[in-house]
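2 protein chains.
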Amino acid sequence: MGVTKFDLFTKEQNELARLARVFAHPARVAILQHLIHTNACITGALVQELGLAQATISQHLRELKDLGIIRGTVEGASVCYCINPTRWKEIRHLFNQLFDQFEHNCC
Amino acid sequence: MGVTKFDLFTKEQNELARLARVFAHPARVAILQHLIHTNACITGALVQELGLAQATISQHLRELKDLGIIRGTVEGASVCYCINPTRWKEIRHLFNQLFDQFEHNCC
DNA sequence: TAATTATATTGCAATATTACGATGAATATT
DNA sequence: AATATTCATCGTAATATTGCAATATAATTA
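Protein sequences appear in the order of chains A and B.
First residue of the first sequence? That's 92 in the working numbering, and the numbers climb one at a time after it.
First residue of the second sequence? That's 92 in the working numbering, and the numbers climb one at a time after it.
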């Protein structure tokens, strides 16, 4: 036990859950906001900005990258990360699809 | 280690992460969708619909209830759950606030 | 080329989540 | 009143997540 039974749910439900996980940690929310506001930034800046260890930031960045939300481009010894606009819109659409399923009041 | 360092992040970042956690499990997404489409339903129906044990469903319902997303009203021996419209809109707004922070393209 | 800088990966400890059987509490039925 | 039904809670096992030190890798500089 203790294992999520993905086979019980639809592809869409599993997909949304997988995406929601990304936003389910304040560090990743903070990273995304920082990438948005600085328009793109290198890992070192994020380590400075947030108070987490370099290894931890790197791990969070990987999770964001794995789901295609951010992209990293190598710039010499550094890596410059930024939001993937297409994916971002896609995710917003998926969330709003759920949000908009509920319209009226029942209770 | 292993503990999320909530104090490093803003109230808003922590709040959003806490809410995202709710959507981060397909069973809870499925429960919400079922509540939306049937307009309200009792725990027993959810146990039938999803293939999870009653105790597990009950646990997921509690998490949804704890964050105010759903409400349960006792109806005899059963409990009828439904979406909390105010909270639902509030959550949609919070998510869209993040989604809309990113507008233009950087890369 | 050796030392430095920047980031990723590995390994592990602490904690959180998921799932369910067993049990409890409350209402409904006989 | 005894039994059945419905749901919540407790305890526990399995697994996942978070965080970081240590180390690896790759580019830069001295």
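Where is the CB? At the ideal position from N, CA and C, for every residue including glycine.
Keep in mind that this is a model prediction, so the values were computed, not measured.
Query: With DSSP collapsed to three states, give me the class of threonine 129 of chain B.; Result: helix
Query: Hey, is isoleucine 127 of chain B's beta-carbon within less than 9 Å of any beta-carbon in chain A?; Result: yes
Query: By the DSSP assignment, the beta strand (DSSP E) with threonine 164 of chain B in it spans what residues?; Result: 161 to 166
Query: Under 9 Å, do leucine 158 of chain A and phenylalanine 114 of chain B count as touching if we go by C-beta distance?; Result: no
Query: Any idea what DSSP makes of valine 113 of chain A, helix, strand or coil?; Result: helix
Query: By the 10 Å Cβ neighbour count, where 16 or more other Cβ atoms means buried, how is alanine 146 of chain B classified, buried or exposed?; Result: exposed
Query: If distances are taken between C-alpha atoms only, which option among A:Leu126, A:Thr134, A:Lys96, A:Cys173 comes closest to alanine 118 of chain B?; Result: A:Lys96
Query: Can you round the beta-carbon distance between tyrosine 172 of chain A and arginine 183 of chain A to whole angstroms, since I take them to be within the 8 Å contact cut?; Result: With 8 Å as the limit, tyrosine 172 of chain A and arginine 183 of chain A do not qualify as a contact, their Cβ atoms being about 19 Å apart.
Query: Please go through the same chain and pick out, in chain order, the residues whose beta-carbon is closer than 7 Å to the beta-carbon of leucine 143 of chain A, but skip the five residues on each side of it.; Result: Ala118
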